[in-house]
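Sequence order for the protein chains is D and C.
Each number in my numbering corresponds to the 1-based position in the first sequence with 934 added.
Each number in my numbering corresponds to the 1-based position in the second sequence with 934 added.
We put the CB at the ideal spot given by N, CA and C, even for glycine.
Remember, predicted model here, so these are calculated numbers, not experimental data.
To start, the structure under review is shown below, and the notes come after it.
Protein chains: 2
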Amino acid sequence: MKAVAVESVKACSVNPIDVKVRAKVYDDFPDYYNYVPGDDYQILGYDGAGVVEAVGDDVKDFKSGDEVYYAGSPIRHGSNAELQLVDSLSIARKPTNLSFVQTACLPLTWITAYEALVERMQVKVGEQAAVLIINGAGGVGSVASQIARHVLKLPVVITTTSRQETTDFSKQMGATHTVNHREIPAQIVKLDLAVPLKYIFLTHSTANYLPVATKVCAPFGKICSIVQTKDFPQYGTEMMAKSITFVWELLGTKPWYKTDVESHGKMLEELRQLVEKGVVKCHHTQTFPLTAKGLRDAHEMVESGGSIGKNGLSVDDPAAHGQAFA
Amino acid sequence: MKAVAVESVKACSVNPIDVKVRAKVYDDFPDYYNYVPGDDYQILGYDGAGVVEAVGDDVKDFKSGDEVYYAGSPIRHGSNAELQLVDSLSIARKPTNLSFVQTACLPLTWITAYEALVERMQVKVGEQAAVLIINGAGGVGSVASQIARHVLKLPVVITTTSRQETTDFSKQMGATHTVNHREIPAQIVKLDLAVPLKYIFLTHSTANYLPVATKVCAPFGKICSIVQTKDFPQYGTEMMAKSITFVWELLGTKPWYKTDVESHGKMLEELRQLVEKGVVKCHHTQTFPLTAKGLRDAHEMVESGGSIGKNGLSVDDPAAHGQAFA
Ligand SMILES: NC(=O)c1ccc[n+]([C@@H]2O[C@H](COP(=O)([O-])OP(=O)(O)OC[C@H]3O[C@@H](n4cnc5c(N)ncnc54)[C@H](OP(=O)(O)O)[C@@H]3O)[C@@H](O)[C@H]2O)c1
Ligand SMILES: NC(=O)c1ccc[n+]([C@@H]2O[C@H](COP(=O)([O-])OP(=O)(O)OC[C@H]3O[C@@H](n4cnc5c(N)ncnc54)[C@H](OP(=O)(O)O)[C@@H]3O)[C@@H](O)[C@H]2O)c1
């Protein structure tokens, strides 16, 4: 027990990765995807928020009683539990102006979007460029839009949506323009952008969107995806003609390869400050009870493919916390 | 006739792209690959070195009689000709210590390798990292190794080769280590590198080498390819688990999309100085006469797949110029 802390879990959220791991989608993949932390089962749940119960000898920044939040790790058990062991370098203090369940909706999607935009695609603050985010109202898309608009201050943040609710939600979440997923080249051409579309962030169906992303991407532009794909349709497209960069973002890379683990704690600390200042809004929209049935319902909600923002689960009465965003 | 110059061609070289365009490999590709500059035929030949005959009104830096070299462009006719029209922004003065035929071997491979390492993968000078170059003795590989070692000053430059001649040549060209193409993961593990293998440059058979490149690449590493591929084998590999960046490099992107065209001229001017100072060696190894038969022979040489360094073609007696490198 060195740099670890035990949390009493107050709230968690369900992410598509939980559903995929439960459904054994990656069973024939390398170790990463099938690691079982020291037992013959794995407790699911990445995102968590809770209260520190105990800390290891090396932990200086946190003590018993602190209210914290974290994104979890592929090498430890998850947050769908009463108690959870976490790496103390990867946690941060909970924003004071959010409930536990709102807080638990943020970490995984925020870190993923932040790493994608800032570390993988290396978008610069104030760059005169546009970003296109595929699936603007999803968990990741709705924080990515806020990072692009309010942290990186890009002048143009285009997201894709297909319903009135998701269009409205995505605009509240920072989109300056929305287009329909199915009409991407045409609707983007119509926008007649004054800045080049240099960055494209795929958070849905990589194989479907890679060819259109290539079409609308500026020469030397970058496409980042967070969604595994069997097909990778690039041959015969302009991907090479434009010298395009394609980059994978996976939240688990740092904890799995044990590099730069403390950056997750730092990102969440920065996020705490942004939320407390009102720069970033929480994308929590719905609360389930943190019970076996609540988990099943939340998994079904994510599996439906129509979830907006994030669904949280709380140990307390949802009615007391579940202040939906909209 | 604005920023253009007409050159009397003294020497050129044959690159694999000339062979591919001649063989109509990309006939069903987007415009880029099948552009025919204003006629119903295309004169082949990217690389050229020659003497300026005339310049357009806007040209300030060059005048008739200047000895220059250039990489050509997909939107103009090529260098397999007596006279050639080139964009004056993309040319530079010929190094004084090389013959025309030696000079004509440099531009395309140099610009490609430079863009790949410096612009696409953004390797930093003096970085404590290793690079792996697939096909170390090829035209591009043998200048890429020099850029990596002598310009970017990386401590470890590993190239792949499969014959004694190519191994020796690649070491003369800057490789600190060579491994066999066919034993990449095992031989690289054996090197027990003290720095992370962060950069991999594929200059042969992208589909074959992508999976092994992924295996040996450090987390968050970058793989750059210059070779079109139908298959893109990434699913089920660690490419996403390691959050790897894949980036295409194509020399033609700038002239085709008309962005940053002057950078080619600047790179060749920098190269002239490096060659004159003896930092960079020319990778020319063999000379053919610049005649219809000489061109056919040089195409056959490139098609054989066993060419070492670069083959040049000269209007003068090869014996007078063709000082092979080794
Ligand atoms: N690599 C990583 O580290 C990482 C991290 C987090 C998430 N992920 C992955 O990223 C993906 C997105 O996760 P998420 O939580 O943001 O998603 P999500 O919240 O489940 O996304 C739901 C939204 O998807 C949209 N959608 C449905 N079908 C679509 C289609 N064909 N094209 C585009 N959008 C469509 C819907 O919006 P409309 O109603 O407007 O169509 C819906 O509101 C998942 O595959 C997840 O596993 C990866
Ligand atoms: N995207 C761009 O802008 C751009 C620019 C330049 C070139 N290119 C492309 O880059 C590729 C390389 O061009 P180049 O001129 O450097 O090549 P090259 O000079 O024709 O390469 C010849 C060398 O390839 C090696 N080789 C043969 N089979 C191999 C294999 N299976 N695996 C690895 N190496 C093998 C041989 O070395 P051993 O005998 O040691 O095996 C041989 O000496 C071509 O496909 C070309 O079209 C693209």
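Spatial neighbours of residue i in its chain, beta-carbon cut-off 7 angstroms, leaving aside the 5 residues before and after
{"i": "Val1074(D)", "result": "Thr1043, Thr1046, Ala1047, Thr1137 and Ile1160"}
{"i": "Pro950(C)", "result": "Val1236"}
{"i": "Met1055(C)", "result": "Tyr1133, Lys1156, Cys1158 and Val1181"}
{"i": "Pro1041(D)", "result": "Asp981, Tyr1003, Tyr1004, Ala1005 and Leu1202"}
{"i": "Lys1244(D)", "result": "Ser947, Cys1039, Thr1043, Gly1073, His1217, His1218 and Thr1219"}
{"i": "Pro1167(C)", "result": "Ala1141, Leu1144 and Pro1145"}
{"i": "Leu1205(D)", "result": "Leu1040, Trp1044 and Val1214"}
Near ligand 4: residue i beta-carbon under 7 angstroms from a heavy atom
{"i": "Ser1139(C)", "result": "Among the ligands present in this structure, namely ligand 1 and ligand 2, ligand 4 is not found."}
Three-way DSSP call (helix, strand, coil) for residue i in this model
{"i": "Thr1140(C)", "result": "helix"}
{"i": "Ala988(C)", "result": "strand"}
{"i": "Lys882(C)", "result": "Because chain C here runs from 935 to 1260, residue 882(C) falls outside it and cannot be looked at."}
{"i": "Arg956(D)", "result": "helix"}
{"i": "Leu1127(C)", "result": "coil"}
{"i": "Tyr1048(C)", "result": "helix"}
{"i": "Gly1072(C)", "result": "coil"}
{"i": "Ser1159(D)", "result": "strand"}
{"i": "Leu1032(D)", "result": "coil"}
{"i": "Tyr1169(C)", "result": "coil"}
{"i": "Val1181(C)", "result": "strand"}
{"i": "Ala983(D)", "result": "strand"}
{"i": "Thr1037(D)", "result": "helix"}
{"i": "His1233(D)", "result": "helix"}
{"i": "Thr1110(D)", "result": "coil"}
{"i": "Thr1225(D)", "result": "coil"}
{"i": "Thr1187(C)", "result": "helix"}
{"i": "Thr1043(D)", "result": "helix"}
{"i": "Gly1240(C)", "result": "coil"}
{"i": "Ile1009(C)", "result": "coil"}
Spatial neighbours of residue i in its chain, beta-carbon cut-off 6 angstroms, leaving aside the 5 residues before and after
{"i": "Met1201(C)", "result": "Ile1045 and Tyr1048"}
{"i": "Ala1109(D)", "result": "Gly1070, Ser1079, Val1091 and Thr1093"}
{"i": "Ala1254(D)", "result": "Any answer about Ala1254(D) is weak, because its pLDDT of 46 lies below 50 and its placement is not dependable; what the coordinates show is given next. Correct list: empty, nothing qualifies."}
{"i": "Gly984(C)", "result": "Glu941, Ser942, Val943 and Lys944"}
{"i": "Val970(D)", "result": "Gln976"}
{"i": "Thr1179(C)", "result": "Lys1156"}
{"i": "Val1249(C)", "result": "Lys944 and Leu1224"}
{"i": "Phe1222(D)", "result": "Gly1228, Asp1231, Ala1232 and Leu1247"}
Beta-ladder partner(s) of residue i, from DSSP
{"i": "Gln1220(D)", "result": "Asn1245(D)"}
{"i": "Gln1018(D)", "result": "Glu941(D)"}
{"i": "Arg1027(C)", "result": "Val1002(C)"}
{"i": "Phe963(C)", "result": "Note: Phe963(C) sits in no beta bridge, so no partner."}
{"i": "Ala1064(D)", "result": "Val1090(D) and Leu1131(D)"}
{"i": "Cys946(D)", "result": "Gly982(D) and Leu1247(D)"}
{"i": "Thr1101(D)", "result": "BP columns for Thr1101(D) are empty, so no partner."}
{"i": "Thr1095(D)", "result": "Asn1114(D)"}
From the options, residue whose alpha carbon lies closest to that of residue i
{"i": "Asp1194(C)", "options": "Arg1010(C), Asp981(C) and Asp1021(C)", "result": "Asp1021(C)"}
{"i": "Phe996(C)", "options": "Ala1026(C), Tyr975(C) and Val1129(C)", "result": "Ala1026(C)"}
{"i": "Leu1019(C)", "options": "Gly999(C), Ala988(C) and Lys1149(C)", "result": "Ala988(C)"}
{"i": "Lys994(C)", "options": "Leu978(C), Leu1023(C), Asn1014(C) and His1011(C)", "result": "Leu1023(C)"}
{"i": "Ala1082(D)", "options": "Val1214(D), Ala1175(D), Ser1248(D) and Leu1247(D)", "result": "Val1214(D)"}
{"i": "Tyr1143(D)", "options": "His1115(D), Val1123(D) and Ile1122(D)", "result": "His1115(D)"}
{"i": "Pro1130(C)", "options": "Thr1140(C), Ala1141(C) and Val1150(C)", "result": "Val1150(C)"}
{"i": "Glu1234(C)", "options": "Lys954(C), Thr1112(C) and Val1065(C)", "result": "Lys954(C)"}
{"i": "Val938(D)", "options": "Asp974(D), Ile1068(D), His1011(D) and Gln1062(D)", "result": "His1011(D)"}
{"i": "Asp1329(C)", "options": "Asp991(C), Ser1007(C), Val986(C) and Asp992(C)", "result": "Shown here, chain C extends from 935 to 1260; a query on residue 1329(C) therefore has no answer."}
{"i": "His1084(C)", "options": "Val1057(C), Thr1101(C) and Asp1102(C)", "result": "Val1057(C)"}
{"i": "Ala1063(C)", "options": "Ala1038(C), Pro1223(C), Glu1053(C) and Pro1089(C)", "result": "Pro1089(C)"}
{"i": "Ala1147(D)", "options": "Ile1122(D), Thr1163(D) and Leu1185(D)", "result": "Ile1122(D)"}
{"i": "Phe1135(C)", "options": "Lys1164(C), Glu1053(C), Ser1007(C) and Lys958(C)", "result": "Glu1053(C)"}
{"i": "Lys1272(C)", "options": "Pro1189(D), Gly1186(D) and Met1174(D)", "result": "Residue numbering for chain C in the displayed model covers 935 to 1260; residue 1272(C) lies beyond these limits and cannot be assessed."}
{"i": "Leu1208(C)", "options": "Gly1246(C), Leu1086(C) and Ser1104(C)", "result": "Leu1086(C)"}
{"i": "Ala1050(C)", "options": "Thr1037(C), Glu1061(C) and Val1065(C)", "result": "Val1065(C)"}
{"i": "Asp961(C)", "options": "Gly1170(D), Gly1186(D), Gly1199(D) and Ile1242(D)", "result": "Gly1170(D)"}
{"i": "Val959(C)", "options": "Thr1112(C), Gln1162(C), Lys1124(C) and Thr1100(C)", "result": "Gln1162(C)"}
Contacts around residue i, its chain only, beta-carbon distance under 8 angstroms, and the 5 residues preceding and following it disregarded
{"i": "Glu1210(D)", "result": "Pro1029, Thr1030 and Asn1031"}
{"i": "Pro1119(D)", "result": "Val1146, Lys1149 and Val1150"}
{"i": "Ser1177(D)", "result": "Pro1153 and Phe1154"}
{"i": "Thr1112(D)", "result": "Gly1070, Ile1092, Thr1093, Thr1094, Thr1095, Thr1101, Ser1104 and Lys1105"}
Practice item. Check distances from the C-beta atoms of the stretch 1108 to 1119 of chain D to those of chain E and list, in chain order, the residues that come in under 9 angstroms. Key: The chain labelled as chain E is not found among the protein chains of the depicted structure, namely D and C.
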